[in-house]
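Step one of this worksheet: look at the structure below.
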Amino acid sequence: MNTLVKKPHEKELMGHPVGLYVLFFVEMWERFSYYGMRAILTLYIAAPVIFGDPQSGFGWSNAETLSFYGTYTMFAYLTSIPGGWIADKFMGQKKAVMLGGILLCIGHGILAVDQQWAFFTGLIFIVTGVGFLKPNISTMVGGLYKTGDDRRDKGFYVFYIGINLGAFLGALLVGAVAAKWGWHYGFGLAGIGMALGQVVYMFGLKYLQGVGDFIGSKDSPNKDLLKKPLNKVEKDRMLVMFLSFIIIIVFWGAFEQAGGLMSLYTEQKTDRMLSFSLPLIGNEIPAAVFQSINAFFIIVLGTAVGSFWHKWKNKGKESSSIFKMAIGVIIMAFGFFFMSKAASDVVMNGDEVAEKSAMIWLVLAYLFHTIGELCASPVALSFITKLAPLKYASFMMGAYFAATGLGNKVAGFVGGLSENASDFQVFTGIAVTCTIFGLLIIAILKPLKRLTHGAEDKKAKDDELTEGFELAEN
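Numbering (our numbering), first residue to last: 1 to 474.
What follows is the structure in structure tokens.
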């Protein structure tokens, strides 16, 4: 018998556990379904008003539609907290992801039915399904790596590319199907995407042995951790994680202007005319197309940014997660300086736009926003899996997504300031505020790092400090 033959969950591909690519494709299809459905959701609701289509949607006003959409997306994030808590307390991440996938398949399937009751019922299933799947699948990615494994951050970059590949394809394909054959065919295609993700997950479970299991089961070596109170080190690490959520709220509060203020600016004040004609588009690029630039840049630059930080760390330079997140905020902030330049180029004639700004400033803004996101978001996911006490692993991941949802709410508030200020003032204000905030985080980096008690130190081997923190138990 060859004892060197690896079991499925021990196999690696391109330097990472095969399980990473299983979770990559599951999340890719889940995001395909979610962002595909999201791309047509508000258009469907307001179809009678926007398109004069009395046979579809509800004919709500823009304000009513956007209010409903904001509430829906907020709950999609907030349900990550109970979804993570239930996984920690009763079933483990692996079963929670399975349950979430089933609920999502049901929800998308119901949405394909052309009835008002089906629309709201389907969304309830989807919100609940996202709450179970989203925090727990991210937690499982961290569980693929052992304590001190410096591949973990790079693994999250790979996973993050899967998220954005699904978002990119979902918005394009579901939107195209809905436009050509009807809204509910679009909703149906999103459901097919989620079903494919569920199939990938079921067939890939053999590569996830020992990852995401319920620690409270009688066979778990960590079953007693659910009963132990948090010690000093655990409390400090919980504190620094909650403090890091402030960085997340500030980051997304600025970044999500892409879907609000920047989207309106693109439509109204950006010169989108081309000197040549593109298939299906013509000479003028639709404002909505610019929403795909971020996902495109992430797919192209994701591994490059991850590799940069890996090499940076190997050179012995500062590479803690909080430092990367602060740098991400600063880089993203600089993207808004390009928007300030664009705003300064606009010439107004009363309430009319006499001269618009060039597209290049918008593209450069999205480029810097994307690099900032790649420094902050996947790193934050990895950071939580390094510090969270094992019995609160999924709950803390759920809290992270709730912070992301709060950041989206902040984005709406900040965007609303444009009603009483110029675009230049708002864009410059965001850029300056976020730059100062990022520099402040760097200034207090040492005390923040002390609260982690060496969780990111590859050489930290003190069992008393690390017991119960890492998610990988194999």
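Glycine included, C-beta positions come from ideal geometry on N, C-alpha and C. Keep in mind it's a predicted model, so treat the numbers as computed, not measured.
Check, Outcome
"Keeping to the same chain, check which residues put their C-beta closer than 7 Å to that of residue 392; ignore five residues upstream and five downstream.", "88"
"Pick from 233, 323, 61: whose alpha carbon is nearest that of residue 388?", "233"
"Nearest to residue 423 by alpha carbon, out of 113, 356, 381, 437?", "356"
"Under 8 Å by Cβ, that's how I've got residue 142 and residue 385 pegged, so tell me the actual separation to the nearest angstrom.", "2 Å"
"Curious, which full-length beta strand (DSSP E) runs of at least 3 residues does the region 7-79 contain?", "none"
"Does the region 358-366 come within contact of the region 392-408, defined as at least 3 CB pairs closer than 8 Å?", "no"
"Taking the DSSP output, what are the residues bridged to residue 273?", "284"
"Since residue 381 contacts residue 138 with CB under 8 Å, what's their CB separation in whole angstroms?", "5 Å"
"Using a Cβ-Cβ cutoff of less than 7 Å, which residues in the same chain neighbour residue 144 once the five nearest sequence positions on both sides are dropped?", "17, 19, 20, 155, 211, 472"
"Quick one: is residue 130 buried, meaning 16 or more other Cβ sit within 10 Å of its Cβ, or exposed?", "buried"
"Could you please give the first and the last residue of the uninterrupted alpha helix (DSSP H) stretch that includes residue 140?", "116-143"
"Assign residue 456 to one of three DSSP states: helix, strand, or coil.", "coil"
"Do residue 295 and residue 167 count as a contact pair if the criterion is CB distance below 7 Å?", "yes"
"For residue 213, which option in 416, 330, 97 has the closest C-alpha, if you only look at C-alpha atoms?", "97"
"Residue 289 by DSSP, collapsed to three states: which one?", "helix"
"Using 7 Å as the threshold, is the C-beta distance between residue 396 and residue 241 below it?", "yes"
"Does the Cβ-Cβ distance between residue 162 and residue 348 come in under 7 Å?", "no"
"Would you list the one or two residues that DSSP bridges to residue 352?", "349"
"Can you round the beta-carbon distance between residue 322 and residue 445 to whole angstroms, since I take them to be within the 8 Å contact cut?", "6 Å"
"Helix, strand or coil: which one does DSSP assign to residue 319?", "coil"
"Confirm, please, whether the CB-CB distance from residue 160 to residue 476 is below 7 Å.", "No answer is possible for residue 476: the residues shown for the chain start at 1 and end at 474."
"What are the boundary residues of the alpha helix (DSSP H) that includes residue 240?", "232-255"
"DSSP three-state label for residue 278, please.", "strand"
"What is the rounded straight-line gap between the Cα of residue 470 and the Cα of residue 146?", "Legend: pLDDT at residue 470 = 39, less than 50; position of this residue unreliable, no value from coordinates given."
"Once you ignore the five residues that flank residue 181 on each side, which residues in its own chain have a CB closer than 6 Å to its CB?", "none"
"If you draw a straight line from the alpha carbon of residue 106 to that of residue 67, how long is it in whole angstroms?", "25 Å"
"Pick out whichever of 277, 289, 247, 319 has its Cα sitting closest to the Cα of residue 329.", "247"
"DSSP has residue 357 in a bridge; who is on the other side?", "270"
"Does the region 406-413 come close enough to the region 64-81 that 3 or more CB-CB pairs lie under 8 Å?", "yes"
"Could you give the distance in angstroms between the alpha-carbon of residue 92 and the alpha-carbon of residue 271?", "51 Å"
"Find the nearest neighbour of residue 437 within the set 302, 415, 254, 316, judged by alpha-carbon distance.", "254"
"Just to confirm before moving on: does the CB-CB distance between residue 189 and residue 200 stay below 7 Å?", "no"
"Of the choices 286, 204, 157, 65, whose alpha-carbon is the least far from that of residue 10?", "204"
"For the alpha helix (DSSP H) that residue 149 lies in, which residues bound it at each end?", "Segment: none, residue 149 is in no alpha helix (DSSP H) and carries neither H nor E."
"Please go through the same chain and pick out, in chain order, the residues whose beta-carbon is closer than 6 Å to the beta-carbon of residue 449, but skip the five residues on each side of it.", "320"
"Looking only at its chain, what residues have a beta carbon closer than 6 Å to the beta carbon of residue 341, apart from the 5 residues adjacent to it on each side?", "361"
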